[in-house]
Every structure is written in structure tokens, then in C-alpha cells.
Amino acid sequence: MGWATGYITKLRTGETVSFRPRGNSMAPRIESGQLCTVEPVDPRDLRPGDIVLCKVRGTEYLHFVKSVQDGRFQIGNNRGHINGWIGHNAIFGRLVKVEP
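At position 68 of the sequence shown the residue is numbered 65 (the working numbering), and the sequence of numbers has no breaks.
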């Protein structure tokens, strides 16, 4: 279980979730502790630049979709780090709002 397990469970049932992630890997787009709202998403609607709640190699992230290729999604942060490629089944929702 990771920090987002409960939110992922709710997203899988169609619920929208809000939470305050900690860390600086997405600054200045998302500052540590800001309220983030994530909605379920059809992965076919995702484009590079979208921010998604996802799982890469067992770790949960709220990170950017950097690239889309052949039904796969490259995930990375706002500091230039690439987490890796994932399939649609590892994406749980898309960020729709960031608040203080």
C-alpha cells in the first residue's frame, strides 16, 4: 500500500478525490501541500502535459504524461526526471484542479 491507495480505490469506482500531496518534484506547477482534485479519466483522452495519478513500477505518483506512444504513457516529474512507461491500466485519474 502506498500514499495514494485509498484515492485509487475511490477513483476506480468513479469518484472524484481531493488530497494534499507532499514533495517538490512537481513544483512550481504543484507545490507541496496544495489541494489537488483528481477525476477518473479515460486514458484515450490523455495528452502530453496532463497530470495523472498513476503507478510506475509499484510506486504511486501525481506526475506528468510526458509522451503517448502506441497506447503507452511516459510518466515524469517537473524536474526533468522520467519515471518510465506504463499502460492504461496503471493510470487512475487526471488532475483537474489545484488550490492553496
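Just so you know, even glycine gets a beta-carbon here, dropped at the ideal spot from N, CA and C.
Query raised in the report: Is M(-2) buried or exposed, if buried means 16 or more other CB atoms sit within 10 Å of its CB?
Result: Position 1 of the sequence shown, counted from the start, is the residue given in the question as residue -2. Looking at its Cβ environment, which holds fewer than 16 other Cβ atoms inside 10 Å, M(-2) is exposed.
**Report entry** Three-state secondary structure (DSSP) of G81
**Finding:** Taking the sequence shown and counting its residues from 1, the one referred to as residue 81 is at position 84. Strand at G81.
Query raised in the report: With a cut-off of 8 Å, do at least 3 Cβ pairs link the segment 69 to 83 to the segment 28 to 36?
Result: no
Requested in this report: For R19, collect the residues of the same chain with a Cβ closer than 7 Å to its Cβ; drop the 5 residues on either side in sequence, then sort them by chain order.
Outcome: As a working note, residue 19 is residue 22 in the sequence shown. Closer than 7 Å at Cβ, skipping near neighbours: S29 and G30.
Query raised in the report: Under three-state DSSP, which class holds R41?
Result: Working through the sequence shown from its first residue, we reach residue 41 at position 44. Here R41 sits in helix by DSSP.
Report task. Go ahead and label R91 buried or exposed: buried means 16 or more other beta carbons lie within 10 angstroms of its beta carbon, across all protein chains shown. Result -> Numbered from 1 along the sequence shown, position 94 holds the residue referred to as residue 91. Counting Cβ neighbours within 10 Å, R91 comes out buried, since at least 16 surround it.
Report task. Output the distance between the C-alpha atoms of D47 and K7, rounded to the nearest integer angstrom. Result -> Along the sequence shown, read from residue 1 onward, the residue named residue 47 stands at position 50. Along the sequence shown, read from residue 1 onward, the residue named residue 7 stands at position 10. Near 20 Å, if we compare the C-alpha coordinates of K7 and D47.
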